[in-house]
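Okay, structure first, notes after.
There are 2 protein chains.
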Amino acid sequence: MRPAEELRDAVEAHLRSLTFTPELGQLEDALRYSLEPGGKRIRPVLCLAVVEAAGGNVEQGLPAAAALELVHTFSLVHDDLPAMDDDAERRGRPSAHVAFGEGQALLAGDALLAEAMRLVLTYEDSGIARELVDATLGMIGGQYRDITGDDDDLAELHRLKTGRLFEASVGLGLRVARVPESDQDSWRRFGSEVGLLFQIVDDILDGDGLAGRLPSDEVRGLAEGSVKRARAHLESTGACSTNSSTRWPLEPVEG
Amino acid sequence: MRPAEELRDAVEAHLRSLTFTPELGQLEDALRYSLEPGGKRIRPVLCLAVVEAAGGNVEQGLPAAAALELVHTFSLVHDDLPAMDDDAERRGRPSAHVAFGEGQALLAGDALLAEAMRLVLTYEDSGIARELVDATLGMIGGQYRDITGDDDDLAELHRLKTGRLFEASVGLGLRVARVPESDQDSWRRFGSEVGLLFQIVDDILDGDGLAGRLPSDEVRGLAEGSVKRARAHLESTGACSTNSSTRWPLEPVEG
Chain A
0 MRPAEELRDA VEAHLRSLTF TPELGQLEDA LRYSLEPGGK RIRPVLCLAV
50 VEAAGGNVEQ GLPAAAALEL VHTFSLVHDD LPAMDDDAER RGRPSAHVAF
100 GEGQALLAGD ALLAEAMRLV LTYEDSGIAR ELVDATLGMI GGQYRDITGD
150 DDDLAELHRL KTGRLFEASV GLGLRVARVP ESDQDSWRRF GSEVGLLFQI
200 VDDILDGDGL AGRLPSDEVR GLAEGSVKRA RAHLESTGAC STNSSTRWPL
250 EPVEG
Chain B
0 MRPAEELRDA VEAHLRSLTF TPELGQLEDA LRYSLEPGGK RIRPVLCLAV
50 VEAAGGNVEQ GLPAAAALEL VHTFSLVHDD LPAMDDDAER RGRPSAHVAF
100 GEGQALLAGD ALLAEAMRLV LTYEDSGIAR ELVDATLGMI GGQYRDITGD
150 DDDLAELHRL KTGRLFEASV GLGLRVARVP ESDQDSWRRF GSEVGLLFQI
200 VDDILDGDGL AGRLPSDEVR GLAEGSVKRA RAHLESTGAC STNSSTRWPL
250 EPVEG
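The listed protein sequences correspond, in order, to chains A and B. One point on numbering: in numbering that gives the first Met the number 0, the residue at position 168 of the first sequence is 167, and numbering is uninterrupted. One point on numbering: in numbering that gives the first Met the number 0, the residue at position 139 of the second sequence is 138, and numbering is uninterrupted.
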C-alpha cells in the first residue's frame with residue numbers, strides 16, 4: 000500500500016492539472032481558489048486507497064477522487080455563504096464569497112458540482128456518476144436538516160451531510176477497481192463507519208454536535224466502538240490486515 | 000406532429016410524476032414549488048418536438064425533457080437570490096427564497112441540478128448526461144458574465160446564458176432519437192437560432208439587452224434574419240417542411 004501522503008500528493012497534482020470548461024471564463028479563478036491546498040483531501044485519498052487495496056489502478060481512480068473533492072468543495076462554498084452558515088473564513092483564508100463576492104461564490108459552487116459530474120462521466124461505467132449524484136443528493140438532504148434544525152436526529156443529519164460522501168468515496172473506489180457487487184458489502188460498511196468516526200472526531204475537535212451533548216467518556220466510547228467496527232469490516236474484506244506492518248493509509252483513528 | 004400544447008401537457012404530467020430523492024426530506028417542497036406550472040416549458044417541448052420530428056419515441060424523451068426544465072429552474076432559483084438578481088417575484092408568485100428563505104432556495108437549486116443529472120443518467124447513452132452537463136457549465140459561464148458585467152459582448156453572454164440550454168434541448172432530443180452524429184448539423188444550427196431568437200424576443204418584451212441598445216427596426220431585422228435562418232436549417236433537416244399544413248410546434252416566430 001502506498002502511504003496516505005503519496006496518495007494525497009497524487010490528488011493535489013491531479014486537482015492542479017484539471018482543465019475546467021473554457022466557457023466559465025474568469026469564474027475559474029474562484030473554483031481554483033476554493034480548491035487550493037489546505038484541506039486534508041480525506042475523501043479522495045480514501046477513494047484511491049480503496050482502489051489500490053481492492054486491486055485496481057490508482058491512476059484510473061484519479062478523476063473519481065477529484066470529483067469527490069469537487070463535490071465536497073462545492074458544499075463548503077455554499078455552506079459558507081451568508082444565507083447558510085455565514086463563515087467568513089475557511090482553512091485560514093477568506094471564504095470564497097468574501098474573496099470573490101456572494102454571486103461568484105454561488106456560481107463557483109454550482110460550477111464545481113457540474114465539473115464533478117463531468118469528471119465522473121469520463122468513465123465507461125455510468126454507475127460511477129450515478130453513485131456520486133445519489134450521494135450528493137443525500138448530502139444536500141443533510142445540509143437541509145442542518146439549516147432547518149427541525150430534525151432532532153443528529154445521527155441521521157450526520158449520516159447524510161457527512162456520511163453519504165464518505166460512503167461514496169469507498170463506493171467509487173470499488174467501482175473503479177471493478178469489485179463485483181457481491182463482494183462490496185464489508186467495504187461499504189467500512190465506509191459508513193469511517194464517515195461516522197470522522198464526524199465524532201470533528202465534533203470532539205469543535206466541541207459541538209455529539210461532543211456538546213454527551214459526557215466526554217461516552218463520546219470516547221462511541222469513537223472506540225466505531226474504530227472497532229471499522230477494523231472488523233476492513234478485516235473481512237480480506238484486502239489488508241490491520242495488524243500487518245503495512246499501515247492502512249486511512250487508519251481510522253487518524254480521522 | 001403533435002401540437003405543442005399536447006407536448007407541454009406531457010411535460011407537465013411528467014414533472015408532476017417525478018419522484019425525488021427521499022433523503023431530501025421536506026426540501027422537496029421547495030423543489031416542487033419552483034417547478035410548478037407557469038413557465039412555457041419551451042426547452043422540454045423543443046426537446047420532445049425534435050425527438051418526434053427525428054423519428055424517435057416521445058415517451059422515451061420525457062426524462063431528458065424534464066432534466067432540461069430542472070436545469071433551467073435551478074438557474075432561475077439561484078438567479079433570483081439576493082446575491083444575484085434579487086428578484087422577489089417569479090411568474091407572479093414569490094420567488095423561492097422569499098417563500099422558503101435563502102438557505103432553502105440555495106439548496107433547492109443545488110438539488111434541482113443534481114436531480115436533473117439523476118434523470119439523464121437513466122439513459123443507457125451517457126452522452127445525454129455529458130451534453131447536459133456541458134450545456135449547464137456554459138450556462139453558468141453566461142450567468143458569470145451577466146453578474147460581473149466585464150464583458151461587452153452581449154451576443155456571447157446570451158449564447159451562453161440562454162443559447163447553450165436551447166442547443167442542448169435539440170441535442171438531447173437528437174440523442175434520444177438516435178440520430179447519427181453525421182446527420183445532426185442542421186438540427187443543431189436550428190437549435191442555436193431558436194436560442195438566439197428567444198433571446199431577441201425576450202429583450203423586445205423586456206425592453207432591455209439588444210432592444211435597449213438598438214433602434215427597434217434593427218432589432219426587428221435581427222429577429223427576421225434569425226427566423227429565416229432557423230426555417231432554412233429546419234428545412235434542410237428534411238424532417239418536416241415549414242410550408243406544410245402540419246404546424247411545427249416550435250414555429251420560431253412563436254418564440
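No residue lacks a Cβ here, since even glycine has one placed at the ideal position from N, Cα and C.
Inset, instruction - Compare the C-beta of A:Gly194 against all C-beta atoms of chain B and say whether one is closer than 8 Å. - result: Your numbering for residue 194 of chain A matches position 195 in the first sequence. A:Gly194 does not count as touching chain B.
Legend entry - Per-residue burial, A:Leu204 [other beta carbons within 10 Å of its own, 16 or more giving buried]: For this step, residue 204 of chain A is matched to residue 205 along the first sequence. By the Cβ-count criterion, A:Leu204 is exposed, with fewer than 16 other Cβ atoms from all chains shown falling within 10 Å of its own Cβ.
Legend entry - B:Pro43 (DSSP reduced to helix, strand or coil): Numbered from 1 along the second sequence, position 44 holds the residue referred to as residue 43 of chain B. It is helical.
Legend entry - Contact under 8 Å by Cβ, B:Gly60 with B:Val50: Position 61 of the second sequence holds residue 60 of chain B. Position 51 of the second sequence holds residue 50 of chain B. Cβ distance < 8 Å, so B:Gly60 and B:Val50 count as in contact.
Legend entry - Residues from the segment 162 to 188 of chain A in contact with chain B, defined by Cβ distance under 9 Å: Arg163
Legend entry - Sufficient close CB pairs (3 or more, under 8 Å) joining the segment 168 to 175 of chain B to the segment 61 to 73 of chain B: Enough Cβ pairs lie closer than 8 Å, so yes.
Legend entry - Any C-beta of chain A under 8 Å from that of B:Glu114: Position 115 of the second sequence, counting from 1, holds the residue named residue 114 of chain B. Answer yes: the Cβ-Cβ gap between B:Glu114 and chain A drops below 8 Å somewhere.
Legend entry - Within chain B, the residues that A:Arg144 reaches when beta carbons sit closer than 8 Å: Taking the first sequence and counting its residues from 1, the one referred to as residue 144 of chain A is at position 145. Result: Gly24.
Legend entry - Pair within 8 Å by beta-carbon distance, A:Arg188 and A:His157: The residue labelled residue 188 of chain A in the question sits at position 189 within the first sequence. The residue labelled residue 157 of chain A in the question sits at position 158 within the first sequence. Taking 8 Å as the cut-off, the Cβ atoms of A:Arg188 and A:His157 do not count as close.
Inset, instruction - In the DSSP assignment, find the unbroken alpha helix (DSSP H) run with A:Leu105 in it and report its ends. - result: The residue you call residue 105 of chain A lines up with position 106 of the first sequence. From DSSP, the alpha helix (DSSP H) with A:Leu105 extends over 101 to 119.
Inset, instruction - Specify whether the segment 136 to 154 of chain B and the segment 17 to 28 of chain A touch according to this definition: at least 3 beta carbon pairs, one from each stretch, less than 8 Å apart. - result: yes
Inset, instruction - Starting from B:Thr135, follow the alpha helix (DSSP H) in both directions and report where the run begins and ends. - result: To locate residue 135 of chain B, count along the second sequence from 1; it is residue 136. Per DSSP, B:Thr135 belongs to the alpha helix (DSSP H) from 126 to 147.
Inset, instruction - Starting from B:Glu88, follow its DSSP beta bridges and name the residues at the other end. - result: Looking up residue 88 of chain B in the second sequence gives position 89. BP columns for B:Glu88 point to B:Pro93.
Inset, instruction - Leaving aside the five residues before and after B:Val70 along the sequence, list all residues of the same chain whose C-beta is less than 8 Å from its C-beta, in chain order. - result: Position 71 of the second sequence, counting from 1, holds the residue named residue 70 of chain B. Result list for B:Val70: Leu111, Leu112, Ala115, Leu131, Ala134, Thr135, Met138, Leu164, in chain order.
Legend entry - Proximal residues to A:Val97 (C-beta, below 6 Å), its chain only, five neighbours per side dropped: Residue 97 of chain A sits at position 98 when you count from the first residue of the first sequence. Excluding positions up to five away in sequence, the list reads Ala87.
Inset, instruction - Please determine, among B:Cys46, B:Leu17, B:Met0, the residue with the shortest C-alpha to C-alpha distance to B:Gly194. - result: Locating residue 194 of chain B in the second sequence gives position 195, where the first residue counts as 1. Selected option, being the one with the closest Cα: B:Cys46.
Inset, instruction - Assign B:Tyr122 to one of three DSSP states: helix, strand, or coil. - result: Here residue 122 of chain B corresponds to residue number 123 of the second sequence, with the count starting at 1. DSSP places B:Tyr122 in coil when its eight states are reduced to three.
Inset, instruction - With a 10 Å radius around its C-beta and 16 neighbouring C-beta atoms as the bar for buried, classify B:Arg230 as buried or exposed. - result: Working through the second sequence from its first residue, we reach residue 230 of chain B at position 231. Buried, because 16 or more other Cβ atoms sit within 10 Å of the Cβ of B:Arg230.
Inset, instruction - Label B:Ser215 either buried or exposed according to how many other C-beta atoms from any shown protein chain fall within 10 Å of its C-beta, with 16 as the threshold for buried. - result: Position 216 of the second sequence, counting from 1, holds the residue named residue 215 of chain B. Exposed: under 16 other Cβ atoms inside 10 Å.
Inset, instruction - Compute the Euclidean distance between the alpha carbons of A:Asp207 and A:Leu213, then round it to the nearest angstrom. - result: Translated into the one-based positions of the first sequence, residue 207 of chain A becomes position 208. Translated into the one-based positions of the first sequence, residue 213 of chain A becomes position 214. For A:Asp207 and A:Leu213, the distance between alpha carbons rounds to 10 Å.
Inset, instruction - Going by CA-CA distance only, name the one from A:Val200, A:Ile127, A:Asp184, A:Arg219 that's closest to A:Glu234. - result: For this step, residue 234 of chain A is matched to residue 235 along the first sequence. Cα-wise, what sits closest to A:Glu234 is A:Asp184.
Legend entry - chain B within 8 Å of A:Glu101, Cβ atoms only: Residue numbering aside, residue 101 of chain A sits at position 102 when the first sequence is read from its first letter. By this cut-off, A:Glu101 is an interface position.
Legend entry - Within chain B, partners of A:Thr20 - CB distance below 8 Å: The sequence position of residue 20 of chain A within the first sequence is 21, counting from 1. Asp133, Leu136, Gly137, Gly140, listed in chain order.
Inset, instruction - Find out if the Cβ-Cβ distance for the pair B:Ala167, B:Leu67 is shorter than 8 Å. - result: If you number the second sequence from 1, residue 167 of chain B lands on position 168. If you number the second sequence from 1, residue 67 of chain B lands on position 68. Yes. Within cutoff.
Inset, instruction - Would you check if the distance between the CB atom of B:Ala95 and the CB atom of B:Asp79 is smaller than 8 Å? - result: By one-based count along the second sequence, residue 95 of chain B stands at place 96. By one-based count along the second sequence, residue 79 of chain B stands at place 80. Cβ atoms of B:Ala95 and B:Asp79: closer than 8 Å.
Inset, instruction - Specify, as a first and last residue, the run of the alpha helix (DSSP H) that A:Ser16 falls within. - result: Translated into the one-based positions of the first sequence, residue 16 of chain A becomes position 17. First-last of the alpha helix (DSSP H) with A:Ser16: 3 to 16.
Inset, instruction - Kindly indicate if chain A contains any beta-carbon less than 8 Å away from that of B:Leu69. - result: The count along the second sequence starts at 1 and reaches residue 69 of chain B at position 70. No, its Cβ sits nowhere closer than 8 Å to a Cβ of chain A.
Legend entry - Residue from A:Glu11, A:Phe197, A:Leu30 whose Cα sits closest to the Cα of A:Leu106: Within the first sequence, numbered from 1, the residue matching residue 106 of chain A stands at position 107. Of A:Glu11, A:Phe197, A:Leu30, the residue nearest in Cα terms is A:Leu30.
Inset, instruction - Have a look at B:Val226 and B:Glu192 and give me their C-alpha separation to the nearest angstrom. - result: Residue 226 of chain B sits at position 227 when you count from the first residue of the second sequence. Residue 192 of chain B sits at position 193 when you count from the first residue of the second sequence. B:Val226 and B:Glu192: Cα-Cα distance of roughly 8 Å.
Inset, instruction - Take the Cβ of B:Thr245 as the centre, count every other Cβ of all protein chains shown within 10 Å, and call the residue buried at 16 or more, exposed below. - result: Counting from 1 along the second sequence, the entry for residue 245 of chain B is found at position 246. Residue confidence is low: B:Thr245 scores 44 on pLDDT, short of 50, so the model does not pin down where it sits. No coordinate-derived value is stated.
Legend entry - Whole-number beta carbon distance between B:Leu209 and B:Leu221, since they are thought to touch under 8 Å: Numbered from its first residue, the second sequence carries residue 221 of chain B at position 222. Numbered from its first residue, the second sequence carries residue 209 of chain B at position 210. Indeed, because the Cβ distance is near 7 Å, the residues count as touching under 8 Å.
Inset, instruction - Could you tell me which chain A residues have their CB closer than 7 Å to the CB of B:Ser125, listed as they occur along the chain? - result: Residue numbering aside, residue 125 of chain B sits at position 126 when the second sequence is read from its first letter. Neighbours of B:Ser125 on chain A, chain order: Leu120, Ser125.
Inset, instruction - Can you give me the start and stop residues for the alpha helix (DSSP H) that B:Gln59 sits inside? - result: On the second sequence, position 60 is the one that residue 59 of chain B refers to. First-last of the alpha helix (DSSP H) with B:Gln59: 57 to 79.
Legend entry - Of the listed residues B:Glu5, B:Ile146, B:Glu223, nearest to A:Met102 (C-alpha basis): Position 103 of the first sequence holds residue 102 of chain A. Note on identity: in this sequence residue 102 of chain A is Gly, with Met being the wrong assignment. Of the candidates B:Glu5, B:Ile146, B:Glu223, the one whose C-alpha sits nearest the C-alpha of A:Gly102 is B:Ile146.
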